[in-house]
Every structure is written in C-alpha cells, then in structure tokens.
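S.K.: What follows is a structure written as structure tokens; I'll ask about it next.
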Amino acid sequence: MIAEVIVDVPAKQTDRPFDYVIPQSLETVIQIGMRVVVPFGPRKIQGFVIGIKPHSTLNKLKEIIEPLDLTPVLSESLISLGNWLSEETLSYRISAYQAMLPAALKAKYQKKLLVPKENKPLLPQTLQSLFANQESIMWEEAKETGYLSLLQQEVTKGHIQIIYEVKDKIKKKKRLAIRSALSIEDLKTYQSTLTQRAQKQHDVINYFIEHNDWIFLTDLTATLQISNAVVKELVKKEVLEESEREIYRDPYANRYFKRTEPLQLTNEQQEAIDPIHDRIAKSMHEVFLLYGVTGSGKTEVYLQSIQKVLERGQEAICLVPEIALTPQMVHRFKGRFGNQVAVMHSGLSAGEKYDEWRKVQRGEVKVVVGARSAVFAPFENLGLIIIDEEHETSYKQEENPKYHSKDVAIKRGKQGSFPIILGSATPSLESFARAKKGVYTLLSLPKRMNNQDLPHVDIVDMREELRSGNRSMFSSSLLEKLQVRIERKQQTVLFLNKRGYSSFVMCRDCGYVVNCPNCDISLTYHRHQQQMKCHYCGFEDHVPTVCPECQSDHIRYFGTGTQKVEEELHKVLPEARVIRMDVDTTSKKGSHERLLNEFQKGHADILLGTQMIAKGLDFPNITLVGVLSADTMLHLPDFRSSEKTFQLLTQVSGRAGRHQLPGEVVIQTYSPEHYSIQLAAEQNYDQFYEREMMIRKGLKYSPFYFITLITVSHEQLMKALDVTEKITTFLTSRLTKSAVCLGPVASPIPRINNRYRYQCLIKYKREPELNQSLKQILDQYQQEVTSTSLKISVDVNPFILM
DNA sequence: AGCACGCCGACT
DNA sequence: GTCGGCGTGCTC
1 MIAEVIVDVP AKQTDRPFDY VIPQSLETVI QIGMRVVVPF GPRKIQGFVI
51 GIKPHSTLNK LKEIIEPLDL TPVLSESLIS LGNWLSEETL SYRISAYQAM
101 LPAALKAKYQ KKLLVPKENK PLLPQTLQSL FANQESIMWE EAKETGYLSL
151 LQQEVTKGHI QIIYEVKDKI KKKKRLAIRS ALSIEDLKTY QSTLTQRAQK
201 QHDVINYFIE HNDWIFLTDL TATLQISNAV VKELVKKEVL EESEREIYRD
251 PYANRYFKRT EPLQLTNEQQ EAIDPIHDRI AKSMHEVFLL YGVTGSGKTE
301 VYLQSIQKVL ERGQEAICLV PEIALTPQMV HRFKGRFGNQ VAVMHSGLSA
351 GEKYDEWRKV QRGEVKVVVG ARSAVFAPFE NLGLIIIDEE HETSYKQEEN
401 PKYHSKDVAI KRGKQGSFPI ILGSATPSLE SFARAKKGVY TLLSLPKRMN
451 NQDLPHVDIV DMREELRSGN RSMFSSSLLE KLQVRIERKQ QTVLFLNKRG
501 YSSFVMCRDC GYVVNCPNCD ISLTYHRHQQ QMKCHYCGFE DHVPTVCPEC
551 QSDHIRYFGT GTQKVEEELH KVLPEARVIR MDVDTTSKKG SHERLLNEFQ
601 KGHADILLGT QMIAKGLDFP NITLVGVLSA DTMLHLPDFR SSEKTFQLLT
651 QVSGRAGRHQ LPGEVVIQTY SPEHYSIQLA AEQNYDQFYE REMMIRKGLK
701 YSPFYFITLI TVSHEQLMKA LDVTEKITTF LTSRLTKSAV CLGPVASPIP
751 RINNRYRYQC LIKYKREPEL NQSLKQILDQ YQQEVTSTSL KISVDVNPFI
801 LM
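First residue of the first sequence: 1, per the UniProt record's numbering; consecutive thereafter.
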C-alpha cells in the first residue's frame with residue numbers, strides 16, 4: 001500500500017502530498033492521521049499520513065521508516081479542517097496541521113556525524129581525538145571545531161557517516177508502580193519464610209495481602225515508611241513486580257473545586273437559552289451572538305448549554321481570551337463539570353498541554369476550556385462551541401496560519417451541524433452588524449443579574465489637572481476616592497493601559513528618542529535589568545546617561561510603567577498595600593493565580609495592573625476602578641483603536657460593584673471629549689455602535705468591507721517597494737470596481753530587523769477571485785522568496801494593520 | 001527548509 | 001591546476 005504524506009517542510013514547493021510505500025510489516029499499523037518518519041532527500045523528516053491508496057503514479061518510491069504514533073493524532077475531519085484552514089489563510093498544509101496539535105507533537109531534528117568503531121583508526125590524527133570517547137558528535141559541535149572540510153573529506157571517503165534523526169519531543173510522564181507477583185496464598189507462604197530481622201519486608205507483604213492492586217512506588221514507600229531498597233529486593237526475588245505507569249501531569253491536581261449546581265435562571269437568561277437548547281436538541285447549526293452587559297450572567301448560560309450538550313452524549317468547547325481570566329473561569333467549569341473538563345491555555349507547560357490534549361483525544365473529558373487553539377480540540381462528536389469575549393484580539397493568530405478562532409468555530413459548527421455561541425458585553429462591530437443583518441441570531445442580556453446598577457463613571461480631564469498644578473499621575477478626584485476605600489477597607493483596581501505606549505527614553509533638551517538600530521521603532525526601557533530592548537528584533541543596549549545627539553544629561557525615560565505607578569502610589573498613600581500585576585510579576589508559573597488569590601483574600605487594598613486584569617475579575621469587595629490613562633491606545637494607527645478603547649474601558653468599568661456594594665469608576669484621560677471614552681463611561685454600546693459604524697462606512701473599513709493586508713519585506717528598501725508596487729498593480733487589474741487597493745505604503749513599522757516593510761491594503765465587498773490572485777502572487781515570487789531575502793505575508797482579515 | 005550539484009575567482 | 005564561493009533546482 002502507498003501512503004500520501006505531507007512532509008514537515010514549510011515551503012511552497014513541498015506543500016503537496018508525497019507518496020511512500022508502506023512496508024509490509026507496517027501495513028496494519030499505519031493509518032491516516034498518523035505522524036510518520038520518512039526519508040526526504042538525504043534527510044529523515046516527520047510527516048502526516050493524509051491518505052492511503054493501493055497504487056501510485058510514480059514507480060520508484062521510498063518506504064516509510066516508522067510511525068511516530070500508536071493512534072492517529074489527526075482525525076479525518078481534522079485533516080479536512082486543516083486543508084480548509086490552509087486554503088483560507090494561504091498557508092502551508094503542514095503549518096495548518098501543526099497549528100491544530102499541541103507543540104509537543106512537533107518533531108525535533110538532529111544531524112550527527114557517526115564513526116563506526118572499525119573506521120576510527122582510518123581517521124587522520126586531528127580527528128581521532130574528536131571521536132576518542134564517542135562514536136558520534138552533533139553537527140553543530142562539529143562546526144565549532146573548525147575541521148568541517150576535513151570531516152567532509154572523510155564523509156566522501158565513507159569513513160564518517162552523516163545521520164539524521166527525528167526526535168519526538170514528547171515525554172510521557174511515567175512513574176514506577178508495584179504490585180504483587182504472587183497470589184495471596186503464595187505471599188503468605190513467602191512471608192512465613194522471612195526471618196525476624198526482615199521486619200520491613202514483612203510489612204510490605206502485609207500491605208499486598210490486604211491490597212491486591214498496583215500502587216506507585218513513591219506512595220508505597222511513603223505509607224509504609226520504608227526505603228526503595230526493600231521493595232527492589234522483593235522485586236528481584238520476583239515476589240513483587242514493577243511496571244512503568246504513564247501518568248498525566250495535572251496542572252490542577254490537589255486542587256479542590258467546590259461542586260456547583262445549575263443556578264435558577266432569570267427570565268432573561270431563560271429567554272436567551274431557549275433557542276440555544278432548541279438548536280442543540282435539533283442538531284442545527286446557527287450562530288448566536290449573546291450580547292450581555294458585564295455581570296449579566298453569560299457564564300451560567302454557557303454552563304447550562306454545555307450541560308444540555310453533555311446530556312446528549314456530545315462534547316463542547318468553550319474558548320476564553322487568554323490566561324487572564326482562566327483561574328476564575330476554570331473554577332466555574334471544574335466546579336460544574338468536575339473532571340470532565342480539560343484546560344488548555346498558554347500558562348501550561350508543553351507537557352501539560354500535551355496531557356490535556358490527550359485527555360480529549362482519548363475521550364476522557366467532554367469539555368475543553370481554553371484559549372485560541374483549543375478550537376481545534378480533537379473531539380469527534382461536538383455539540384457546541386462557545387467563544388467568550390468574542391471581540392478579543394487574542395483569538396486571531398498573528399503567525400501563520402493567520403486564523404481567527406471564530407471562523408474555525410463556525411466552520412466546525414457547519415460541518416458538525418451544531419450551534420456556536422459568541423458572547424460579549426461589547427461585541428465586535430463585525431459580529432453585531434451580522435447579528436443585525438440576521439446572519440447571526442442576537443440574544444440579549446441587558447440587565448445585571450442582581451439588578452445592581454452599573455457603576456457610576458467619572459471622566460477626569462488630565463489637562464485640567466495639569467493646569468491646576470497637579471503633575472502626578474493621580475488626579476485629585478482619584479486620590480480622594482482611593483483614600484476613602486482604604487479607610488472603608490474596600491478594594492480598588494488600578495488599570496494602566498500600556499498598549500502601544502511603552503516606556504521610552506527621550507532627551508528633554510533636544511527631543512532625541514533612543515531608537516532600535518535595526519527597526520524603526522523606539523527601544524523600550526526595562527527597569528529591572530537596566531536595559532533598553534527592542535520588542536521586535538530583541539536588540540539590547542545600555543541605558544544612555546547622556547544624549548547621543550546633544551550630549552545633554554537631561555535624558556530620561558518617559559511613559560508610565562506599572563513599577564513607576566507603584567512607587568508613586570507608595571509616596572502618596574504609604575499605608576496602602578499594593579499588588580502589582582504585569583509581565584514581570586506574573587512570568588513565573590502560577591504567580592498570576594497566586595496574586596489574584598492574595599488580592600481576593602484581602603491582603604491588599606489596591607490591585608495595579610495592565611491588560612491582564614481587565615477581564616474576569618469578579619471580587620465582591622472591589623468598589624473602585626481607576627483607569628490611569630484611557631487614551632493611550634486611542635491614537636494608534638489602527639482603524640479599530642476607538643473600538644478597542646471603548647471595549648477596554650467598558651470591560652474595566654465592569655469590574656466594580658458586581659455584588660452588593662455599589663461601584664465607582666474613574667477614567668483619567670487627555671481627550672475626555674472623545675466619543676469612545678464618553679460612551680464607554682455611559683456604557684452605551686448601542687450608540688457607540690451607530691457612531692463607529694458611520695465612520696467605518698465612510699472610510700470603507702470592516703464590517704462594510706473585507707480587508708486583506710499584504711506585507712512585503714526585504715533588506716533593500718527599493719526591492720520591497722518595487723515588489724509591493726508590482727503586486728498592487730497586478731491586484732488592481734484583477735479586482736472588481738467596488739474594491740479598493742491601497743499601496744504601496746510603508747508599513748506602520750517601516751523597518752524590522754533591518755528589513756524594510758511595505759504594504760498593500762485591499763478593501764473589498766465580494767471578490768471570489770481574490771484568493772486565486774493572491775496564490776498567483778505567492779507563486780510568482782516563489783523563487784525570489786527562496787533565493788533572496790524577500791518575504792511576502794498575506795493576512796486575510798487582519799486585526800492589526802502593522 | 002536543507003542539501004547536492006554545478007559553475008567561476010584566489011590560492012598552494 | 002584546486003578549494004570553496006553561493007546561484008539553481010529537487011526532495012516520493
């Protein structure tokens with residue numbers, strides 16, 4: 001039999017199946033969807049079997065070397081989903097497949113030089129020492145020795161072999177388990193032969209007389225207070241037997257989740273859930289947009305919809321934006337569905353992710369709660385996919401394949417004939433527009449569950465503060481309110497919007513800004529390491545003490561980091577206990593959750609943080625939310641910046657007063673008159689929607705037009721510009737009259753890592769030929785992409801236009 | 001992506 | 001005359 005294999009070589013020319021003979025011995029083993037090792041040129045690489053057929057049109061085929069899996073890692077439905085994905089996003093099939101699987105399943109390759117024992121004496125003296133203690137050395141090591149040409153000569157002579165290895169990254173976690181190898185009768189007989197001195201052995205035998213089952217060695221030694229030696233001795237005597245048992249790394253082991261029961265739904269919730277339950281019961285595909293204000297009880301709707309799906313023997317996926325809200329979300333899901341839940345998010349180690357994925361694959365769980373890529377969870381009988389906070393940008397992957405989870409979910413929903421729920425308090429304009437058009441079904445939860453009023457919002461004009469002599473980052477109004485909370489022992493969340501506004505170093509005399517030498521972007525000041533770093537290419541430099549331009553020593557860092565805010569807070573409110581949450585304090589595993597726990601327990605008065613605290617916080621004692629600088633992302637070169645500002649402010653404001661105590665919100669801004677800030681303060685989504693839609697219509701942006709962004713980069717500015725120009729011309733000729741093709745324009749970041757970047761932006765209503773044209777472009781420049789440093793990136797429906 | 005094959009400049 | 005530079009094209 002012949003296997004069709006997609007090989008792990010992400011390139012245009014290899015983006016097609018290659019045929020391999022399945023050796024006789026593997027005929028019953030190899031199945032569609034398995035990973036295999038295949039010879040490819042002189043190398044050995046990994047590939048996915050995507051088809052098995054009796055004959056091939058080619059005659060001299062190579063054989064599959066070995067399978068990497070016992071059972072397929074991709075089902076046929078996932079393979080076809082992968083094919084669709086690569087088609088939609090114009091990415092390689094291998095990239096699409098890999099994106100659907102945990103990273104642990106991606107192979108690692110090793111190249112080695114091997115000298116068979118008998119050849120050792122044949123090597124020249126200089127090389128002998130290299131192989132004195134070992135048969136083989138790594139290629140990388142060999143390169144460092146500087147004897148590469150000498151080594152290559154020996155390779156041609158046949159004294160040294162080059163071998164390629166495919167290393168499976170997976171390490172299944174294993175522990176040693178022990179059980180009795182004898183019957184209870186025989187155990188007793190054996191026990192009677194033991195001498196008086198062998199008390200420990202006696203105990204062990206006793207244990208196994210009582211428990212006729214496997215036990216982990218570590219548990220056994222702990223319970224009986226004995227050493228490994230005692231057990232090993234009995235294993236050697238064949239009284240006991242041992243076996244490696246695979247165990248899951250359970251990131252939520254030893255954690256107790258209080259079991260919860262379905263809550264009584266409000267009338268509104270009931271009205272929202274009825275149509276969902278109806279489609280689940282009828283196995284009908286439909287996309288619901290669940291538009292519910294913060295605190296309106298969307299999660300309970302999710303939980304009870306999942307409940308319904310489980311009752312029908314189906315499975316469900318619930319996507320959540322990122323680690324940010326998972327601790328609380330996980331609690332609610334594990335509380336309701338116990339160990340039927342697997343969790344997949346970026347906070348887990350590769351091994352943990354792999355184990356969670358395997359629980360799904362083996363059918364040991366029925367529900368997955370996870371971030372973007374969890375939409376590919378390998379369920380075979382899905383009944384529902386929920387996307388919570390559907391407007392979140394983290395659902396869009398910025399690397400190839402540049403997919404959006406929402407599109408994947410809807411595709412799976414159509415294929416499997418089941419409903420999709422998109423939930424948000426601030427739906428993306430795209431989704432809301434579709435709901436209004438009737439493409440999605442709108443379900444509204446306009447009231448908070450406890451009928452608690454939305455918090456009162458105060459907009460503070462920071463220019464005014466400045467004029468009245470307050471140069472600190474806290475307005476007098478915010479400071480006053482902070483003091484009141486501390487007196488009343490209530491809690492405050494302070495939110496620092498840092499997106500697109502990192503701390504940079506500028507000379508106060510001449511205005512010189514420290515830029516990256518490789519990228520056209522300012523370097524970011526990293527306080528704890530006392531260094532300047534580039535977020536795009538990784539360049540690092542010392543912090544300058546004098547201005548390189550004018551030699552002035554008035555060179556300072558600008559921008560407000562959380563650390564700086566913390567310091568300031570300490571000065572003005574020395575008695576306040578502050579917990580700071582940002583990339584620095586949460587980088588360690590589990591620290592995110594730990595900090596939140598501490599705050600929840602009341603160990604601090606103020607929680608200070610960035611984006612990551614904007615979502616999911618739901619603590620009863622929070623009565624004040626302060627946004628230190630609301631407009632930092634308002635001025636980004638992005639047509640969605642107003643929408644994002646509105647969503648973020650609404651989201652943050654929703655953190656206050658979710659329970660009995662009423663909440664208050666202070667928004668500090670330099671542009672208080674801006675509609676997205678004004679309307680966020682009123683929590684007026686509908687008016688924001690109307691207003692923003694007008695603007696989008698005028699500018700021909702989404703949701704009125706689809707957008708595709710092509711970014712061309714090259715070491716030479718002229719080359720990048722030239723290619724972009726040609727692409728733009730070509731596309732313009734291929735597009736219909738209703739489409740707009742803008743370009744070539746320099747990218748908002750015109751240079752990254754010494755590569756110049758130009759782009760072409762296409763806005764269109766309906767272009768059935770566009771995909772074909774884009775493919776043609778990629779084909780056209782294929783040679784230049786492989787031979788020169790030209791790169792062409794296509795992003796269909798981009799989220800950020802960088 | 002790698003890697004081999006193949007054609008032109010500076011070296012023993 | 002050879003070693004080694006990297007342009008071109010292939011990998012079942």
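Using N, Cα and C, we set each Cβ at its ideal position, and we do this for glycine too.
As the structure is a prediction and not an experimental result, all values here were calculated from the model.
Relative to the alpha-carbon of residue 600, which residue among 590, 610, 621, 584 has its alpha-carbon at the smallest distance?
M.R.: Locating residue 600 in the first sequence gives position 600, where the first residue counts as 1. The candidate whose alpha carbon is nearest that of residue 600 is 621.
S.K.: Considering Cα atoms alone, identify which of 280, 402, 713, 695 is closest to residue 92.
M.R.: Indexing the first sequence from 1 puts residue 92 at position 92. Of the candidates 280, 402, 713, 695, the one whose C-alpha sits nearest the C-alpha of residue 92 is 402.
S.K.: Please report the distance separating the alpha-carbon of residue 70 from that of residue 52.
M.R.: Against the first sequence, residue 70 aligns to sequence position 70. Against the first sequence, residue 52 aligns to sequence position 52. Distance between the alpha carbons of residue 70 and residue 52: 17 Å.
S.K.: Please tell me whether residue 764 and residue 705 are closer than 9 Å, where the distance is taken between their beta carbons.
M.R.: Here residue 764 corresponds to residue number 764 of the first sequence, with the count starting at 1. Here residue 705 corresponds to residue number 705 of the first sequence, with the count starting at 1. For residue 764 and residue 705, yes; Cβs fall inside 9 Å.
S.K.: Going by beta carbon distance, what residues of the same chain come within less than 6 Å of residue 798, once the five residues before and after it are set aside?
M.R.: Walking along the first sequence from the start, residue 798 turns up at place 798. These residues qualify, in order along the chain: 709.
S.K.: Could you check the C-alpha separation between residue 400 and residue 801 for me, to the nearest Å?
M.R.: Looking up residue 400 in the first sequence gives position 400. Looking up residue 801 in the first sequence gives position 801. Those two C-alpha atoms are separated by around 16 Å.
S.K.: Using 8 Å as the Cβ pair cut-off and three pairs as the minimum, do the region 602 to 616 and the region 634 to 643 touch?
M.R.: Segments in contact, no.
S.K.: Following the continuous alpha helix (DSSP H) through residue 624, name the residue where it begins and the one where it ends.
M.R.: Start at 1 with the first residue of the first sequence, and residue 624 comes out as number 624. Looking at the DSSP string, residue 624 is not in any alpha helix (DSSP H); the run it does join, the beta strand (DSSP E), is 622 to 627.
S.K.: When we look at the beta-carbon of residue 697 and count the other beta-carbons within 10 Å, is it buried (16 or more) or exposed?
M.R.: Position 697 of the first sequence, counting from 1, holds the residue named residue 697. Residue 697 comes out exposed.
S.K.: Is it buried or exposed, residue 388, if we count other Cβ atoms within 10 angstroms and call 16 or more buried?
M.R.: Locating residue 388 in the first sequence gives position 388, counting from the first residue. With 16 or more Cβ atoms within 10 Å of its Cβ, residue 388 is classed as buried.
S.K.: Is the beta carbon of residue 114 sitting closer than 9 Å to the one on residue 67?
M.R.: Indexing the first sequence from 1 puts residue 114 at position 114. Indexing the first sequence from 1 puts residue 67 at position 67. No; because the gap between Cβ atoms is not below 9 Å, this pair is not in contact.
S.K.: Comparing alpha-carbon positions, which option in 90, 21, 34 lies nearest residue 61?
M.R.: Counting from 1 along the first sequence, the entry for residue 61 is found at position 61. Ranking the options by Cα distance to residue 61, first place goes to 21.
S.K.: So, is residue 212 buried or exposed, given that buried needs 16 or more other C-beta atoms within 10 angstroms?
M.R.: As a first step, residue 212 is located in the first sequence; it is residue number 212 there, counting from the start. It is exposed - the Cβ of residue 212 has fewer than 16 other Cβ atoms within 10 Å.
S.K.: Closest to residue 274 by C-alpha separation, out of 305, 564, 724, would be which residue?
M.R.: Taking the first sequence and counting its residues from 1, the one referred to as residue 274 is at position 274. For the residues 305, 564, 724, the minimum Cα distance to residue 274 belongs to 305.
S.K.: List the whole-angstrom C-beta distance separating residue 775 from residue 90, where the pair is believed to meet the contact cut-off of C-beta under 8 Å.
M.R.: By one-based count along the first sequence, residue 775 stands at place 775. By one-based count along the first sequence, residue 90 stands at place 90. Indeed they touch by this definition, with Cβ atoms about 7 Å apart.
S.K.: Is it right to say residue 582 is buried, meaning 16 or more other beta carbons lie within 10 angstroms of its own, or is it exposed?
M.R.: As a working mapping, residue 582 is identified with position 582 in the first sequence. Buried, since its Cβ has 16 or more Cβ neighbours within 10 Å.
S.K.: Cα separation between residue 511 and residue 372?
M.R.: If you number the first sequence from 1, residue 511 lands on position 511. If you number the first sequence from 1, residue 372 lands on position 372. Cα-Cα distance, rounded: 41 Å.
S.K.: Starting from the Cα of residue 739, find the closest Cα among 702, 719, 714, 540 and give me that residue.
M.R.: By 1-based counting over the first sequence, the position of residue 739 is 739. Ranking the options by Cα distance to residue 739, first place goes to 702.
S.K.: Could you check the C-alpha separation between residue 454 and residue 655 for me, to the nearest Å?
M.R.: Taking the first sequence and counting its residues from 1, one reaches residue 454 at position 454. Taking the first sequence and counting its residues from 1, one reaches residue 655 at position 655. Cα to Cα, residue 454 sits roughly 10 Å from residue 655.
S.K.: Helix, strand or coil: which one does DSSP assign to residue 215?
M.R.: Within the first sequence, residue 215 is the residue found at index 215, counting from 1. Residue state, collapsed to three classes: strand.
S.K.: Give the DSSP-derived three-state secondary structure of residue 501 in the structure shown.
M.R.: As a position in the first sequence, residue 501 is number 501, starting the count at 1. The pLDDT assigned to residue 501 is 46, lower than 50, so where the model puts this residue is not dependable, and the model offers no usable value.
S.K.: Does the pairing of the region 472 to 489 with the region 565 to 582 give three or more beta-carbon distances under 8 Å?
M.R.: The region 472 to 489 is in contact with the region 565 to 582.
S.K.: Leaving out five residues on either side along the sequence, give the residues of the same chain with a beta carbon under 6 Å from the beta carbon of residue 342.
M.R.: Residue mapping note: residue 342 aligns to position 342 of the first sequence, counting from 1. The answer, listed in chain order, is 356, 359, 360, 365, 368.
S.K.: Mind checking whether residue 688 and residue 675 have CB atoms under 9 Å apart?
M.R.: Here the question's residue 688 lines up with position 688 in the first sequence. Here the question's residue 675 lines up with position 675 in the first sequence. Result yes, Cβ atoms of residue 688 and residue 675 sit closer than 9 Å.
S.K.: Using a 10 Å radius around the Cβ and a threshold of 16 neighbouring Cβ atoms, would you call residue 41 buried or exposed?
M.R.: Translated into positions along the first sequence, residue 41 becomes position 41. Classification of residue 41: exposed, given that the 10 Å Cβ count is below 16.
S.K.: Classify residue 132 as buried or exposed, calling it buried when 16 or more other Cβ atoms lie within 10 Å of its own Cβ.
M.R.: On the first sequence, position 132 is the one that residue 132 refers to. With fewer than 16 other Cβ atoms within 10 Å, it is exposed.
S.K.: Count the other CB atoms within 10 Å of the CB of residue 613; is the residue buried (16 or more) or exposed (fewer)?
M.R.: Here residue 613 refers to the residue found at position 613 of the first sequence. Label assigned to residue 613: buried.
S.K.: Within the chosen definition, does the region 283 to 294 reach the region 408 to 418 through at least 3 CB pairs nearer than 8 Å?
M.R.: They touch, by the three-pair rule.
S.K.: Specify the secondary structure class of residue 529 as computed by DSSP and reduced to three states.
M.R.: Position 529 of the first sequence, counted from the first residue, corresponds to residue 529. In the structure shown, residue 529 sits in coil (DSSP, three-state: anything other than H, G, I, E or B).
S.K.: Tell me whether residue 47 sits in a helix, a strand or coil according to DSSP, three-state version.
M.R.: As a working note, residue 47 is residue 47 in the first sequence. Three-state result, residue 47: strand.
S.K.: Looking at the structure shown, is residue 786 part of a helix, part of a strand, or coil, going by DSSP?
M.R.: As a first step, residue 786 is located in the first sequence; it is residue number 786 there, counting from the start. Note: residue 786 maps to helix in three-state DSSP.
S.K.: Could you tell me the boundaries of the beta strand (DSSP E) in which residue 20 lies?
M.R.: Locating residue 20 in the first sequence gives position 20, counting from the first residue. Where residue 20 is concerned, the enclosing beta strand (DSSP E) stretches over 18 to 21.
S.K.: Give me the residue from 119, 626, 165 with the minimum Cα distance to residue 112.
M.R.: Locating residue 112 in the first sequence gives position 112, where the first residue counts as 1. Ranking 119, 626, 165 by Cα distance to residue 112 puts 165 first.
S.K.: If you follow the beta strand (DSSP E) that residue 384 is part of, which residue opens it and which one closes it?
M.R.: Position 384 of the first sequence, counting from 1, holds the residue named residue 384. 382 to 388 is the span of the beta strand (DSSP E), which, as asked, contains residue 384.
S.K.: Between the alpha carbons of residue 501 and residue 477, how many angstroms are there, rounded?
M.R.: Locating residue 501 in the first sequence gives position 501, counting from the first residue. Locating residue 477 in the first sequence gives position 477, counting from the first residue. Note on residue 501: pLDDT 46, under 50, position unreliable in the model; no value is reported.
S.K.: Determine the extent of the alpha helix (DSSP H) in which residue 570 is found, giving its start and end residues.
M.R.: Within the first sequence, numbered from 1, the residue matching residue 570 stands at position 570. Residues 562 to 572.
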